[in-house]
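J.:
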Amino acid sequence: MKKLSVLGRISIFLVVGCVVALWFLPMWRIDLAAPQYPEGIYMEIWINDVKGDVEVINGLNHYIGMKTIHKEDFKEFVYLPITLMVFCGIGLLVLVLNRKVGYYVWTMIFLTIAGVSMYDFWKWEYDYGHNLNPTAPIKVPGMAYQPPLIGYKKMLNFEALSQPALGGWFFIVAGVILVGVCFYEWKRTKNQLR
Amino acid sequence: MTKYLLTLMSLGAIVGFQSCKMKTTEAAVSGDAASKVYVAPGKYDEFYNFVSGGFSGQVSVYGLPSGRLLKVIPVFSQNPENGYGFNEETKPMLQTSHGFIPWDDEHHLALSQTNGEHDGRWLFANANNTPRVARIDLKTFKTVEVLELPNSGGNHSSPFITENSEYIVGGTRFSVPIADQEAALTQASFKANFKSTVSFIAIDPTTGRMKIDFQVVLPGMDLDLSRAGKGPSHGWFFFSTYNTEQANTLLEVNASQKDKDYIVAINWKKAQEYARAGKGKKMATEYYHNTLNEENHTATSEVEKEVLTLDPNELKDFVYLIPCPKSPHGCDVDPTGEYIIGSGKLAALIPVFAYQKITKAIADKAFEGDYYGIPVIKYEAALHGEVQKPGLGPLHTEFDGKGNAYTSFFVSSEIVKWNIKDLKVLDRVPTYYSIGHLMVPGGDTKKPYGKYVVAYNKITKDRYLPTGPELTQSAQLYSIDGDKMQLLLDYPTIGEPHYAQAIAADKIKAQSAKIYDINVNKHQYVSMGEKTTKVVRAGNRVDVYMTAIRSHLTPDNIEGIQVGDEVYFHVTNLEQDWDIPHGFAVKHAANAELLIMPGETNTLKFVPTKAGVYPFYCTDFCSALHQEMQGYMRVSPKGSSVPLKWHTGKTDSAAAVAAVR
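Listed below in structure tokens is the structure:
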């Protein structure tokens, strides 16, 4: 029995739906707060854009020599939508072929995209926080300004909180569905063999 | 006026003394007053209190109940603090038919209304001396329009407003010969040539833009204060008037002869019909109309050439006079719109007129005669009743919406609470000292909040630490929640506060602008980013297109300017973050600084008279590197060969840093 269960086939729609949601919802959100910013400032990362108080953040960054953030500088905003579109296409192919192995491969692709994306994000944050302008006005010995990949961190007068935004949660749900269905299909195969 | 008041005050002192009980000057403040006005750090006040700045020509904004000063809005006077009236953009706001007039005396304020309630869109202010009215936008708290009034002298009964902001008025306190005529200063000449005008200024309901719709030309007398009718009396305006004796000298005596002066009742709806029907007369005149465009941050002046006048001698049945004892000052309409309270400042009683009785008297032709052809209604026919022995020197009345009136008494220096229906005095509290206007938040509307009354006092000796001969004026906040008024707080004010308005903070707070969007900055000399900054010479005019952002000005080095050049610094604040203005000042600039809001462009004109190097810098502490936000302009002798050049940071910064190490 190499065919997908009904549940497996339905899950493909759910996963594609969750991924498509990324075109309409932000993926990630970094909140910043400081005494001078009681109302808080934030940055939202979308699959093809960076929104929120980016100009405000850029204005503050130059004191400590961080690079300014510009949408145009992110190759990711081109690659990521294409990658996810291809991923959704593969999903539909898996549905048509209706083979479990296809579903497993599809899940692997998803996990790879997720892993590479997070690594890429971390790398950008590392570079952004460490690669400082040597002529920056304020230099604090030993200080780097890498925002947290996920969670809370205090940096000088700023508190930073980094977490998935609504679209990000949809993406996570897609991953949970994929892994869960893989496990279900694998169990089902084992039971039927018995 | 002052002399006259002083006389009254000494009179008051004698009367007060004789009524014995030597009061101490310490206010009887009961124990929990502080907690009622305490607004904890980080908390907001409940009301915005807009207070006229009197001879400062500004509007000050206080929070209530804390009495904290939140802002000073320049309106009719130059303000070096932010360059209003000094920078090139706002200079046109103070232009008049008599040139640039950078000061005025501001007495009254009116918040725009919808259905008889404050709507939080605009605030109007009057200029008494050079007759003008201004409109302040309550999104930005900026003066956006100033309209000059022709045929007016002392724009005192202004800018009172109708219940749907159809009109604000400007009534002249000093009657003057109209059409800018010259006339002899004799009583015969006064009677023949001097007139009082009331300007009806229409408000565009969407833009707020003001326009003199028509002027009513009245016989020469001093129009003092005014209120629009509301509810049943909507469509009418009431003005108090003194000097119906038509004296032109020593009014202190000569204008206090008659037992009764008048309240002028104008049916503005009927006047409007006459105006629409082309029954008015167009008069050639000249007056300025100045508007600030908030898209290009620039004010422009237009000259209006004509005004439509209506003469109640020719056009009948829209102006009536109601006798009112004695030298009436205040003229206030209660929240129901039914009662009109006159306050004869020399009278020992308060007359209350009923709108229904006035209309009935007009229908019945219950007139006692006429004044220059205008029918005078019989006093008793219009009267609802008189408040007996309320105090000395009644001036102004506000309302709590529960049927109670609060009248200020200048001479006896107190607020008296009384019931409008039965005219019984209910309570009285002393004020410190010599109260003029008083204000209940929303007290001039159909729905007063009725929580506080604020007294605006002229005299404060011994109330605060002494500051030499010149002392502050003050406001005093009383709770009127209970049966008894209770003094909670007094706080100093700028200028001499005349009238004030207050509005629930919720009606304004949320709409407050935080920045100007730089993407829609349409200023003629805007620099959209540092890359577009430049210096352009045309003859001896030099335009510097400059930007300000934390923490530098671009360009910050300018050379090639010559003595006698007219240098215009057009500084654009590139910030798009709330509460990040930048200032700009040049050494020896003969005007003021600029204070530029995020996304805004302002222009400072500077004409160097000597060669040298002129530092310039940011004056508003903007950031950790504010002190470094500075630059130089090199000024060479006239005819010098130094080329025009400019830059910011073009020197090798790495080398410069190395050199410092």
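Same order as they appear, the protein sequences are chains A and B. Quick note on my numbering: the first sequence kicks off at 316 and runs consecutively. Quick note on my numbering: the second sequence kicks off at 3 and runs consecutively. The beta-carbon is built from N, C-alpha and C at its ideal position, and this holds for glycine as well.
With a cut-off of 8 Å, does the C-beta of residue 503 of chain B fall near any C-beta of chain A?
T.: Here residue 503 of chain B refers to the residue found at position 501 of the second sequence. No, its Cβ sits nowhere closer than 8 Å to a Cβ of chain A.
J.: In this structure, what does DSSP give as the bridge partners for residue 410 of chain B?
T.: On the second sequence, position 408 is the one that residue 410 of chain B refers to. Looking at the DSSP assignment, residue 410 of chain B forms a beta bridge with B/417.
J.: Using a 10 Å radius around the Cβ and a threshold of 16 neighbouring Cβ atoms, would you call residue 416 of chain A buried or exposed?
T.: For this step, residue 416 of chain A is matched to residue 101 along the first sequence. That one is exposed.
J.: Please confirm if the region 597 to 613 of chain B is in contact with the region 567 to 583 of chain B, defined as three or more CB-CB distances below 8 Å between the two stretches.
T.: Contact holds: three or more Cβ-Cβ distances are below 8 Å.
J.: Can you give me the C-alpha to C-alpha distance between residue 641 of chain B and residue 614 of chain B, rounded to a whole angstrom?
T.: Here residue 641 of chain B refers to the residue found at position 639 when the second sequence is read from its first residue. Here residue 614 of chain B refers to the residue found at position 612 when the second sequence is read from its first residue. C-alpha separation (whole angstroms): 14 Å.
J.: Could you give the DSSP three-state label for residue 426 of chain A: helix, strand or coil?
T.: Counting from one through the first sequence, the residue named residue 426 of chain A turns up at place 111. It is helical.
J.: To the nearest angstrom, report how far apart residue 527 of chain B and residue 603 of chain B are at their CA atoms.
T.: Position 525 of the second sequence holds residue 527 of chain B. Position 601 of the second sequence holds residue 603 of chain B. Looking at the two C-alpha atoms, the distance is approximately 8 Å.
J.: With a threshold of 7 Å, establish whether the CB of residue 227 of chain B neighbours any heavy atom of the ligand ADP.
T.: Looking at this structure, you won't find the ligand ADP or any other ligand, since it has none at all.
J.: Take the Cβ of residue 446 of chain A as the centre, count every other Cβ of all protein chains shown within 10 Å, and call the residue buried at 16 or more, exposed below.
T.: Here residue 446 of chain A refers to the residue found at position 131 of the first sequence. The residue in question, residue 446 of chain A, is exposed, as its Cβ has fewer than 16 Cβ neighbours within 10 Å.
J.: Quick check: what's the CA-CA separation for residue 165 of chain B versus residue 236 of chain B?
T.: On the second sequence, position 163 is the one that residue 165 of chain B refers to. On the second sequence, position 234 is the one that residue 236 of chain B refers to. The straight-line gap from Cα to Cα measures roughly 7 Å.
J.: Report, in whole angstroms, the separation of the C-beta atoms of residue 579 of chain B and residue 371 of chain A, which I expect to be a contact under 8 Å.
T.: Reading the second sequence from its first residue, position 577 is the one you call residue 579 of chain B. Reading the first sequence from its first residue, position 56 is the one you call residue 371 of chain A. That belief holds up - the Cβ atoms of residue 579 of chain B and residue 371 of chain A are roughly 5 Å apart, short of 8 Å.
J.: From this set, B/77, B/442 and B/559, which residue's C-alpha is nearest residue 635 of chain B's C-alpha?
T.: What you label residue 635 of chain B is simply residue 633 of the second sequence in a count that begins at 1. Nearest C-alpha to residue 635 of chain B: B/559.
J.: In this structure, what does DSSP give as the bridge partners for residue 644 of chain B?
T.: As a first step, residue 644 of chain B is located in the second sequence; it is residue number 642 there, counting from the start. None; residue 644 of chain B has no bridge partner.
J.: How about residue 455 of chain B and residue 408 of chain B: do their beta carbons lie closer than 8 Å?
T.: Taking the first residue of the second sequence as position 1, residue 455 of chain B is located at position 453. Taking the first residue of the second sequence as position 1, residue 408 of chain B is located at position 406. Yes. Within cutoff.
J.: Could you confirm whether any beta carbon from chain A is found closer than 8 Å to the beta carbon of residue 577 of chain B?
T.: Translated into the one-based positions of the second sequence, residue 577 of chain B becomes position 575. Interface residue, yes.
J.: Got a sec: which bits of the region 606 to 635 of chain B sit with their beta carbon under 7 Å from any beta carbon on chain A, in order along the chain?
T.: Result list: 626 and 627.
J.: What residues match up with residue 139 of chain B in a beta bridge as DSSP calls it?
T.: Against the second sequence, residue 139 of chain B aligns to sequence position 137. DSSP lists B/124 and B/144 as partners of residue 139 of chain B.
J.: What in chain A is Cβ-close to residue 551 of chain B, meaning under 8 Å?
T.: For the purposes of this step, residue 551 of chain B is taken as residue 549 along the second sequence, with counting starting at 1. 374, listed in chain order.
J.: Just to confirm, is the Cβ distance from residue 496 of chain A to residue 323 of chain A under 8 Å?
T.: Along the first sequence, one-based indexing puts residue 496 of chain A at 181. Along the first sequence, one-based indexing puts residue 323 of chain A at 8. The answer is yes: Cβ separation under 8 Å.
J.: Give a yes or no on contact between the region 142 to 157 of chain B and the region 206 to 222 of chain B, applying the rule of three or more CB pairs nearer than 8 Å.
T.: Judged by Cβ distances under 8 Å, the region 142 to 157 of chain B makes contact with the region 206 to 222 of chain B, as three or more pairs qualify.
J.: Given a threshold of 16 other Cβ atoms within 10 Å of its Cβ, counted over all protein chains shown, does residue 37 of chain B qualify as buried or as exposed?
T.: Taking the first residue of the second sequence as position 1, residue 37 of chain B is located at position 35. By the neighbour-count rule (16 or more Cβ atoms within 10 Å), residue 37 of chain B is not buried but exposed.
J.: Chain B beta carbons: is any one of them nearer than 8 Å to that of residue 370 of chain A?
T.: Residue mapping note: residue 370 of chain A aligns to position 55 of the first sequence, counting from 1. Chain B, which has a Cβ nearer than 8 Å to the Cβ of residue 370 of chain A, makes this yes.
J.: By the three-class DSSP mapping on this structure, what secondary structure does residue 16 of chain B have?
T.: One-based indexing of the second sequence puts residue 16 of chain B at position 14. Low confidence applies here, because residue 16 of chain B scores a pLDDT of 44, under 50, leaving its location unreliable; read the following figure in that light. Three-state result, residue 16 of chain B: helix.
J.: Taking DSSP as the reference, what is the three-state secondary structure of residue 57 of chain B?
T.: Your numbering for residue 57 of chain B matches position 55 in the second sequence. Of the three classes helix, strand and coil, the one that applies to residue 57 of chain B here is coil, per DSSP.
J.: Do the CB positions of residue 1 of chain B and residue 141 of chain B come within less than 8 Å of each other?
T.: Since the displayed chain B opens at 3 and closes at 663, residue 1 of chain B lies outside it and no answer follows.
J.: Bridge partners of residue 339 of chain A, per DSSP?
T.: Indexing the first sequence from 1 puts residue 339 of chain A at position 24. Its beta-bridge partners do not exist; DSSP assigns none.
J.: Report the option in B/390, B/577, B/508 and B/488 whose CA atom is closest to the CA atom of residue 521 of chain B.
T.: Looking up residue 521 of chain B in the second sequence gives position 519. Ranking B/390, B/577, B/508 and B/488 by Cα distance to residue 521 of chain B puts B/577 first.
J.: Expressed to the nearest angstrom, what Euclidean distance is found between the alpha-carbon atoms of residue 505 of chain B and residue 34 of chain B?
T.: Within the second sequence, the letter at position 503 stands for residue 505 of chain B. Within the second sequence, the letter at position 32 stands for residue 34 of chain B. Their backbone Cα atoms lie some 25 Å apart in a straight line.
J.: Does the distance from the CB of residue 386 of chain B to the CB of residue 345 of chain B come in under 8 Å?
T.: As a first step, residue 386 of chain B is located in the second sequence; it is residue number 384 there, counting from the start. As a first step, residue 345 of chain B is located in the second sequence; it is residue number 343 there, counting from the start. Cβ atoms of residue 386 of chain B and residue 345 of chain B: not closer than 8 Å.
J.: Following the continuous alpha helix (DSSP H) through residue 520 of chain B, name the residue where it begins and the one where it ends.
T.: Stepping through the second sequence from its first residue, residue 520 of chain B is reached at position 518. No alpha helix (DSSP H) contains residue 520 of chain B, which DSSP labels as neither H nor E.
J.: Span of the alpha helix (DSSP H) holding residue 71 of chain B?
T.: Here residue 71 of chain B is taken as the residue at index 69 of the second sequence, counted from 1. Per DSSP, residue 71 of chain B belongs to no alpha helix (DSSP H); it is in the beta strand (DSSP E), 71 to 76.
J.: Against residue 452 of chain A, what residues of chain B qualify as contacts under a CB-to-CB distance less than 9 Å, listed in chain order?
T.: For the purposes of this step, residue 452 of chain A is identified with residue 137 of the first sequence, where counting begins at 1. Within 9 Å Cβ-Cβ: 553, 626, 627 and 630.
J.: Quick one: grab the DSSP three-state call for residue 432 of chain A.
T.: Locating residue 432 of chain A in the first sequence gives position 117, where the first residue counts as 1. Residue state, collapsed to three classes: helix.
J.: So what's residue 441 of chain A in DSSP terms, helix, strand or just coil?
T.: Mapped onto the first sequence, residue 441 of chain A falls at position 126. Looking at residue 441 of chain A - three-state DSSP - the assignment turns out to be helix.
J.: I'd like to know whether the C-beta atoms of residue 79 of chain B and residue 151 of chain B end up nearer to each other than 8 Å.
T.: Counting from one through the second sequence, the residue named residue 79 of chain B turns up at place 77. Counting from one through the second sequence, the residue named residue 151 of chain B turns up at place 149. Going by C-beta atoms, residue 79 of chain B is not nearer than 8 Å to residue 151 of chain B.
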